[in-house]
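In this note's numbering, the protein residues as written are 2 to 344.
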């Protein structure tokens, strides 16, 4: 009987922890928004001083930081002061691989609303971001508020920076002379690819507003003219000829039909012997697939896309006239899927 009760209590605790997940997420995003890990970079401070620096209520702030001190973000000292904990460097603005802006976006009003209207997506199968804007695409809705757009861009940059080194470390880009990073955004992955393939010409291909950010990135690094940025629409054409087209976290934004169109444009841009490499998280069985499965719901409520299994990507490739040649796992959750034209 006692053993059964202990099992029931443990199961209840597990479910309660799931339910409380939103509470922890909100606390993390709030201290990231307020820049508290930055404030504590020079040493411990009490809640009153931190509250004065952040224009918050001392008692309320203390209670939020107390929660996060139990989770390793902060450490509460015997004298009531707080100092940065084992995880707080990931929320500092100046830390390599910082997740501060990613946390800020997850706590932003627009993102909070997306998940708050998950029921809309479940009933309709459509992204909740469009619930009040049926005539606009998800990305057009995001662009309605420049502040939301900027927070999103910073968040995606932060998320992307944690993966780029793993991608470059897992794949030999030096075998290609002309590489197109399709939807390459600010160009951070393209920069690393260029460094790993010193004889290759690397081009970021994206919408005009993204290309402006890529050109700014390139201007800060010496690349001897081997890097450029071209604006355009990947649903219409991809600049070629290219020996390699890279698509990182692009296809998961879109439906199967839209993804097939993008892959077809990439295939048409390839030179003989060219390849298309898709970089995505894969849906896998069991607990190993949890992160991708959660991201899949993010795709449901926001852009209207989805995460996929390896088999589902192979099917997309086939419908676009490509053959999945190999799958390359990295030490990060992201996986590389290399394909080539069928004929």
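We put the beta carbon where it would ideally sit given N, CA and C, even for glycine.
- Cβ-Cβ separation, residue 69 to residue 28 (assumed contact under 8 Å), whole Å: Here residue 28 refers to the residue found at position 27 of the chain shown. Here residue 69 refers to the residue found at position 68 of the chain shown. About 6 Å; that satisfies the 8 Å criterion.
- Query: Apart from the five residues on each side of it in sequence, which residues of its chain come closer than 7 Å, Cβ to Cβ, to residue 185?
  - Reply: Along the chain shown, one-based indexing puts residue 185 at 184. The residues are 191, 205, 206, 207 and 215.
- Message: Considering only their Cβ atoms, is the gap separating residue 202 from residue 180 smaller than 9 Å?
- Response: For the purposes of this step, residue 180 is taken as residue 179 along the chain shown, with counting starting at 1. For the purposes of this step, residue 202 is taken as residue 201 along the chain shown, with counting starting at 1. Yes; because the gap between Cβ atoms is below 9 Å, this pair is in contact.
- For residue 11, does the count of other Cβ atoms within 10 angstroms reach 16, so buried, or fall short, so exposed? Reading the chain shown from its first residue, position 10 is the one you call residue 11. Per the 10 Å Cβ criterion, exposed.
- Task: Pick out whichever of 222, 316 and 294 has its Cα sitting closest to the Cα of residue 260.
- Result: Counting from 1 along the chain shown, the entry for residue 260 is found at position 259. Per the Cα distances, 316.
- Query: With contact counted as at least three CB pairs below 8 Å, one residue from each stretch, are the segment 94–113 and the segment 30–47 in contact?
  - Reply: yes
- Which whole runs of the beta strand (DSSP E) in the segment 50–127 are 3 residues long or more, in chain order? 75–77 and 83–85
- Item | Beta-carbon separation (whole angstroms), residue 158 vs residue 187, contact threshold 8 Å | As a first step, residue 158 must be located in the chain shown, where it is residue number 157. As a first step, residue 187 must be located in the chain shown, where it is residue number 186. 6 Å between Cβ atoms; contact.
- Task: Can you check DSSP and say which residues form a bridge with residue 28?
- Result: The sequence position of residue 28 within the chain shown is 27, counting from 1. Partner(s): none; residue 28 has no beta bridge.
- Inter-residue spacing [alpha-carbon to alpha-carbon] between residue 312 and residue 266: Residue mapping note: residue 312 aligns to position 311 of the chain shown, counting from 1. Residue mapping note: residue 266 aligns to position 265 of the chain shown, counting from 1. Approximately 21 Å between the Cα atoms of the pair.
- Query: By how many angstroms is the C-alpha of residue 82 removed from the C-alpha of residue 290?
  - Reply: Here residue 290 is taken as the residue at index 289 of the chain shown, counted from 1. Here residue 82 is taken as the residue at index 81 of the chain shown, counted from 1. Looking at the two C-alpha atoms, the distance is approximately 39 Å.
- If we call anything under 9 Å between Cβ atoms a contact, is residue 328 one with residue 164? Your numbering for residue 328 matches position 327 in the chain shown. Your numbering for residue 164 matches position 163 in the chain shown. No; because the gap between Cβ atoms is not below 9 Å, this pair is not in contact.
- Can you tell me the Cβ-Cβ gap for residue 280 and residue 337, rounded? I've got them flagged as a contact below 8 Å. One-based indexing of the chain shown puts residue 280 at position 279. One-based indexing of the chain shown puts residue 337 at position 336. Confirmed, about 5 Å.
- Go ahead and pull the three-state DSSP assignment for residue 227. Looking up residue 227 in the chain shown gives position 226. It is coil, neither helix nor strand.
- Message: To the nearest angstrom, how far is the alpha carbon of residue 341 from that of residue 318?
- Response: Reading the chain shown from its first residue, position 340 is the one you call residue 341. Reading the chain shown from its first residue, position 317 is the one you call residue 318. Taking the straight line from one Cα to the other gives about 9 Å.
- Inspect the beta-carbon positions of residue 109 and residue 152 and report whether they are closer than 9 Å. As a working note, residue 109 is residue 108 in the chain shown. As a working note, residue 152 is residue 151 in the chain shown. In contact: residue 109 and residue 152 (Cβ atoms closer than 9 Å).
- Task: State the DSSP-derived secondary structure class of residue 33, mapped to helix, strand or coil.
- Result: Here residue 33 corresponds to residue number 32 of the chain shown, with the count starting at 1. In this structure, residue 33 counts as helix in the three-state DSSP scheme.
- Message: On the criterion of 16 or more Cβ atoms from any shown chain inside 10 Å, does residue 79 qualify as buried, or is it exposed?
- Response: Against the chain shown, residue 79 aligns to sequence position 78. When all chains shown are included, residue 79 counts as exposed.
- Query: Residues in its own chain within less than 6 Å of residue 13 by CB, not counting five upstream and five downstream?
  - Reply: As a working note, residue 13 is residue 12 in the chain shown. Excluding residues within five positions, none has a Cβ falling inside 6 Å.
- Near residue 222, what residues of its chain come up, given a Cβ to Cβ distance below 7 Å and the 5 sequence neighbours on each side ignored? For this step, residue 222 is matched to residue 221 along the chain shown. Same-chain partners within the cutoff: 192.
- Task: State the beta-bridge partners of residue 204 as determined by DSSP.
- Result: The sequence position of residue 204 within the chain shown is 203, counting from 1. In DSSP, residue 204 forms a bridge with 181 and 229.
- Message: Within a Cβ cutoff of 8 Å, which residues of the same chain sit near residue 1, ignoring the five residues on either side of it in sequence?
- Response: Nothing about residue 1 can be reported from this structure: the residues present for the chain run from 2 to 344 only.
- Item | Extent of the continuous beta strand (DSSP E) run through residue 170 | Within the chain shown, residue 170 is the residue found at index 169, counting from 1. No beta strand (DSSP E) contains residue 170, which is instead part of the alpha helix (DSSP H) from 147–171.
- Item | Alpha-carbon to alpha-carbon, residue 212 and residue 119 | The residue you call residue 119 lines up with position 118 of the chain shown. The residue you call residue 212 lines up with position 211 of the chain shown. If you take the alpha carbons of residue 119 and residue 212, they lie about 32 Å apart.
- Query: Since residue 267 is in the alpha helix (DSSP H), which residue starts that stretch and which ends it?
  - Reply: Locating residue 267 in the chain shown gives position 266, counting from the first residue. It spans 257–270 - the alpha helix (DSSP H) in which residue 267 sits, taken as one unbroken run.
- Mapping DSSP to helix, strand and coil, what is residue 249? Start at 1 with the first residue of the chain shown, and residue 249 comes out as number 248. Note: residue 249 maps to strand in three-state DSSP.
- Query: Nearest CA to the CA of residue 309: which residue from 296, 283, 324 and 295?
  - Reply: For the purposes of this step, residue 309 is taken as residue 308 along the chain shown, with counting starting at 1. Residue 283 is the option with its Cα nearest to residue 309.
- Keeping to the same chain, check which residues put their C-beta closer than 7 Å to that of residue 52; ignore five residues upstream and five downstream. If you number the chain shown from 1, residue 52 lands on position 51. Closer than 7 Å at Cβ, skipping near neighbours: 58, 59 and 62.
- Please classify residue 244: is it buried, with 16 or more other beta-carbons within 10 angstroms of its beta-carbon, or exposed? Working through the chain shown from its first residue, we reach residue 244 at position 243. It is buried - the Cβ of residue 244 has at least 16 other Cβ atoms within 10 Å.
- Task: Identify whether residue 312 lies in helix, strand or coil by the three-state DSSP scheme.
- Result: Here residue 312 is taken as the residue at index 311 of the chain shown, counted from 1. It is helical.
- Item | Cα-Cα separation between residue 150 and residue 54, rounded to whole angstroms | Start at 1 with the first residue of the chain shown, and residue 150 comes out as number 149. Start at 1 with the first residue of the chain shown, and residue 54 comes out as number 53. Distance between the alpha carbons of residue 150 and residue 54 is about 27 Å.
- Going by beta carbon distance, what residues of the same chain come within less than 8 Å of residue 1, once the five residues before and after it are set aside? The structure shown does not extend to residue 1, since the chain is modelled only from 2 through 344, so no value can be given for it.
- Message: So, with DSSP's three-state summary, where would you put residue 138?
- Response: Here residue 138 is taken as the residue at index 137 of the chain shown, counted from 1. Coil, per DSSP.
- So the beta strand (DSSP E) residue 340 belongs to, where does it begin and stop? Stepping through the chain shown from its first residue, residue 340 is reached at position 339. Segment 335–342, the beta strand (DSSP E) holding residue 340.
- Those residues which DSSP pairs with residue 46 across a bridge: Position 45 of the chain shown, counted from the start, is the residue given in the question as residue 46. DSSP, once it has assigned bridges, lists 83 as partnering residue 46.
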